[in-house]
Amino acid sequence: MKIVIPGGSGHLGTLLARHFGAGGHKVVVVSRHETNTLPWRRVGWEDLQKEIEGADVVINLAGRNVNCRYTPVNRREIMMSRVESTRAVGEAIANVANPPHVWLQASTATIYAHRFDDDNDEHTGRIGGGEPDAPRSWDFSIEVARAWETAVDESKTPRTRKVKLRSAIVMSTGRGGPFDILRRLVRFGLGGRQGDGRQYISWIHARDFLRAIEWLIEHRYTDGVVNVAAPNPVPNEEFMRELRHACGTRIGLPASRWMLTLGAVLFRTETELVLKSRRVVPSCLLETGFRFEFPLWRAAARDLCAGSQF
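The sequence shown stops at residue 291 when you use the working numbering, and every number in between is there.
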């Protein structure tokens, strides 16, 4: 297959490009960043339509990194980078003679409500916004996710199947990724619960993420929203405890809410990234027969800490 990955120079794009390239597929990353040393080809956004012509798959990951302070400037860039790039991909697909069979579009599990009482799946999950126990500043992420998905829905691509990937945190051993950051916290003795530890963490092992993407490409009757997450989200306190055990670390100092608030200011990020309860499950994947290699966090953490290639 020819697989075009707009916005593919980051953590997930690198995972996907490496995986599909190793499988013998032709990978083209569309990016503003030079990647001449990598084994796959990089083109600029001006070549987007030319590369989409005759491609089999488009996986759009484009969007500004959300690990920042939500200042007015950053909010505008986060929103517009997602909406405008999605519209650009939709227009390119609509304007080629031989469009791709499937367009996999990045979205986020953060679109769901901050909740502890029940799971959020594709059928009955509550879209977030306005929860009484969540700061109003958290509504911005839901607004972004809604606008992102609306841009997909509004794109007129009748010959191309569209899948919106509401992805959880993808855990891989790649430098600078979420798991790498968490593991370093644990090794420094800072791997205790964050806040009160009740908030659910939705996650997926990188190997299952890649397998799920392949599954969605192959299953031609699957479209619309798909939660890309392991089937067993866990509370933060349990999540960090299992990670400490997997890393062989006994001590993990907790971080109270005020500590996280101060740390977020110092490190130019937002507490929502660690305090929002994302209790997300992948009903669509399970209903179509997908089987997770790592359905439980304990086994996933041990595999990653043992030096998984991901």
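Glycine residues also receive a C-beta, built at the ideal position from the N, C-alpha and C atoms.
In this text the structure is predicted, and so the values were computed from the model without any measurement.
Practice prompt. Provide the residue span of the beta strand (DSSP E) that contains Ser66, from first to last.
Written response: Mapped onto the sequence shown, residue 66 falls at position 85. Ser66 -> not in any beta strand (DSSP E); alpha helix (DSSP H) instead, spanning Pro53 to Ala75.
Fill in: For Lys31, the three-state DSSP class (helix, strand or coil)
Along the sequence shown, read from residue 1 onward, the residue named residue 31 stands at position 50. DSSP places Lys31 in helix when its eight states are reduced to three.
Discussion item. To the nearest angstrom, how far is the alpha carbon of Glu268 from that of Asp189?
Written reply: The residue labelled residue 268 in the question sits at position 287 within the sequence shown. The residue labelled residue 189 in the question sits at position 208 within the sequence shown. For Glu268 and Asp189, the distance between alpha carbons rounds to 16 Å.
Fill in: Nearest-angstrom Cβ-Cβ length linking Ala73 and Leu29, presumed shorter than 8 Å
For the purposes of this step, residue 73 is taken as residue 92 along the sequence shown, with counting starting at 1. For the purposes of this step, residue 29 is taken as residue 48 along the sequence shown, with counting starting at 1. Right, the Cβ-Cβ distance comes to about 5 Å (below 8 Å), so this counts as a contact.
Item to complete: Quick one: using the 10 Å Cβ neighbour count with 16 as the cut-off for buried, is Val209 buried or exposed?
Response: Here residue 209 refers to the residue found at position 228 when the sequence shown is read from its first residue. So Val209 counts as buried.
Worksheet item: Roughly how far, in whole angstroms, is the beta-carbon of Ala128 from the beta-carbon of Val64, given that I think they are within contact range, below 8 Å?
Response: Within the sequence shown, residue 128 is the residue found at index 147, counting from 1. Within the sequence shown, residue 64 is the residue found at index 83, counting from 1. That pair is a contact at about 5 Å.
Fill in: Top-ranked residue by Cα proximity to Ile162, from Ala(-2), Cys286 and Phe97
The sequence position of residue 162 within the sequence shown is 181, counting from 1. Looking at the Cα atoms, Cys286 is the closest of the given residues.
Worksheet item: Are Arg96 and Ser258 closer than 8 Å when you measure CB to CB?
Response: Walking along the sequence shown from the start, residue 96 turns up at place 115. Walking along the sequence shown from the start, residue 258 turns up at place 277. Against a cut-off of 8 Å, the Cβ pair of Ser258 and Arg96 comes out as a contact.
Worksheet item: Does at least one heavy atom of the ligand GDP sit under 7 Å from the Cβ of Cys228?
Response: Ligands in the displayed structure: none, and consequently the ligand GDP is not present.
Worksheet entry | Whole-number beta carbon distance between Arg283 and Ala236, since they are thought to touch under 8 Å | As a first step, residue 236 must be located in the sequence shown, where it is residue number 255. As a first step, residue 283 must be located in the sequence shown, where it is residue number 302. Contact doesn't hold; Cβ gap of about 24 Å is too wide.
Worksheet item: Going by other Cβ atoms of all chains shown within 10 Å of its Cβ, with 16 needed for buried, is Phe248 buried or exposed?
Response: Here residue 248 corresponds to residue number 267 of the sequence shown, with the count starting at 1. Its Cβ having fewer than 16 others within 10 Å, Phe248 is exposed.
Discussion item. Can you tell me whether Gly172 is helix, strand or coil according to DSSP?
Written reply: Taking the sequence shown and counting its residues from 1, the one referred to as residue 172 is at position 191. Looking at Gly172 - three-state DSSP - the assignment turns out to be coil, as it is neither helix nor strand.
Item to complete: Give a yes or no on whether the C-beta atoms belonging to Leu85 and Val11 are separated by under 8 Å.
Response: Residue numbering aside, residue 85 sits at position 104 when the sequence shown is read from its first letter. Residue numbering aside, residue 11 sits at position 30 when the sequence shown is read from its first letter. No, the pair does not count as a contact, with Cβ atoms beyond the cut-off.
Fill in: Span of the beta strand (DSSP E) around Asn48
Residue numbering aside, residue 48 sits at position 67 when the sequence shown is read from its first letter. Unbroken run through Asn48: none, as it is neither H nor E.
Worksheet item: Whose C-alpha, out of Asn101, Ile123, Ala94 and Ala132, is nearest the C-alpha of Asp114?
Response: To locate residue 114, count along the sequence shown from 1; it is residue 133. Asp114 has its Cα closest to that of Ala94, out of Asn101, Ile123, Ala94 and Ala132.
Practice prompt. State the DSSP-derived secondary structure class of Leu299, mapped to helix, strand or coil.
Written response: Only positions -18 to 291 of the chain appear in the structure, and residue 299 is not among them; the question remains open.
Worksheet item: For the stretch 107 to 145, which segments carrying the beta strand (DSSP E) assignment without a break, of at least 3 residues, lie completely within its bounds, in sequence order?
Response: none
Fill in: Boundaries of the beta strand (DSSP E) in which Val9 is found, first to last residue
Against the sequence shown, residue 9 aligns to sequence position 28. Where Val9 is concerned, the enclosing beta strand (DSSP E) stretches over Lys7 to Val11.
Worksheet item: DSSP on Met221, reduced to helix/strand/coil?
Response: Here residue 221 is taken as the residue at index 240 of the sequence shown, counted from 1. In this structure, Met221 counts as helix in the three-state DSSP scheme.
Worksheet item: Straight-line CA distance for Glu251 to Asn79?
Response: Translated into the one-based positions of the sequence shown, residue 251 becomes position 270. Translated into the one-based positions of the sequence shown, residue 79 becomes position 98. Cα-Cα distance, rounded: 42 Å.
Worksheet item: Where do the N-terminal and C-terminal ends of the alpha helix (DSSP H) with Arg283 fall, by residue?
Response: Here residue 283 corresponds to residue number 302 of the sequence shown, with the count starting at 1. Run containing Arg283: Trp278 to Cys286, per the alpha helix (DSSP H) assignment.
Worksheet item: Where does Phe271 land, buried or exposed, given buried means 16+ other C-beta within 10 angstroms?
Response: Here residue 271 is taken as the residue at index 290 of the sequence shown, counted from 1. That one is buried.
Worksheet item: Below 8 Å, can you find three or more Cβ-Cβ pairs linking the stretch -18 to -3 to the stretch 25 to 39?
Response: yes
Worksheet item: Helix, strand or coil for Ala87 per DSSP?
Response: The residue you call residue 87 lines up with position 106 of the sequence shown. Reduced to three states, the DSSP call for Ala87 is strand.
Worksheet item: For the 8 Å Cβ check, are there 3 or more pairs between the stretch 33 to 46 and the stretch 216 to 230?
Response: no
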